[in-house]
Amino acid sequence: MPKPITILVEGESDKAAVVALAPRLGVDLAAEDITVTVIGGAGNFGRAIPEAVRLGHRVGGLYDEAEERFVADALNRQVGEDLTRQGFFACRPDLELELVRSIGAVEMAPLFEANGDLKTFRNFQDQPKYRDADVLEQLRRFIGANGARKAKYAAVMAEAVDFGAVPEPLEGLVNWIWSA
């Protein structure tokens with residue numbers, strides 16, 4: 001019988017994306033004995049990785065590019081070293097922008113409309129601080145403006161992304177799961 005798997009993620013939005021996307025890619029988290037665990041920030045990888053290993057789990061996860069040092073340290077690796085063989089995948093710069101890029105800026109408007117946020121997004125775009133920003137950055141900032149919206153849209157985007165456009169870190173994580 002394969003080892004249980006613990007997927008470590010920094011926050012609730014990362015978990016929401018993994019949980020929403022997994023079944024679309026043929027991964028039944030419960031049946032495969034896979035737990036997606038929110039560790040409350042990258043600084044906690046150093047505690048969470050050894051803890052899961054002590055339980056006899058295979059451990060993998062997602063992290064934001066800027067937080068690589070925490071994962072590398074926890075795995076006794078160097079920053080810049082390929083951590084994918086250990087099951088850890090960098091989001092560049094974060095999972096929200098990975099998903100926005102994969103879906104495309106134009107396709108985000110119908111998602112906002114369907115979820116009652118298009119007018120709020122348009123008002124956000126018109127704020128002086130964001131008016132001149134690139135639309136991808138506007139989308140990223142709007143989605144990340146609060147935790148509830150961030151988790152909501154992580155799941156919505158994971159459910160909407162085309163199979164051929166799944167962000168590399170999520171695709172890598174699923175391939176790692178299947179490689180057991």
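Quick note: UniProt numbering has the sequence shown finishing at residue 180, numbered continuously throughout.
For every residue, glycine included, the Cβ atom is placed at its ideal position computed from N, Cα and C.
All values reported here derive from a predicted model rather than from experimental measurement.
Could you check how far apart the C-beta atoms of residue i and residue j are, in whole angstroms? I think they sit under 8 angstroms.
i	j	result
Ala105	Leu136	6 angstroms
Ala154	Ala17	4 angstroms
Val161	Val27	No, Val161 and Val27 are not in contact; Cβ-Cβ is about 15 angstroms, not under 8 angstroms.
Pro169	Ala90	6 angstroms
Glu159	Ala20	5 angstroms
Val100	Leu62	Not really, about 16 angstroms apart at Cβ, beyond 8 angstroms.
Ser13	Leu95	7 angstroms
In whole angstroms, give me the CA-to-CA distance for residue i and residue j.
i	j	result
Ile143	Phe112	10 angstroms
Thr35	Asn146	25 angstroms
Val59	Asp126	43 angstroms
Arg149	Arg85	32 angstroms
Ala52	Thr6	7 angstroms
Pro128	Ser179	48 angstroms
Val38	Glu81	24 angstroms
Glu107	Phe121	14 angstroms
Going by alpha carbons, who is nearest to residue i out of the options?
i	options	result
Ala48	Tyr153, Leu29, Val27, Leu75	Leu75
Met157	Gln138, Leu97, Ala90	Leu97
Lys15	Ala151, Ala90, Gly172, Ala165	Ala151
Phe88	Val19, Glu10, Gly164	Glu10
Asp64	Gly164, Leu83, Pro4	Leu83
Leu29	Asn115, Pro4, Ser13	Pro4
Would you give the residue range spanned by the beta strand (DSSP E) that residue i belongs to?
i	result
Ile7	5-9
Going by the beta-carbon positions, is the gap between residue i and residue j smaller than 8 angstroms?
i	j	result
Val102	Pro167	Reading off the sequence, residue 102 comes out as Ser, not Val. It is a contact, given that the beta carbons lie within the stated cut-off.
Asp73	Gly41	no
Val79	Arg92	no
By the DSSP assignment, the alpha helix (DSSP H) with residue i in it spans what residues?
i	result
Phe124	118-125
Ala114	105-114
Ala20	12-24
Asp73	68-74
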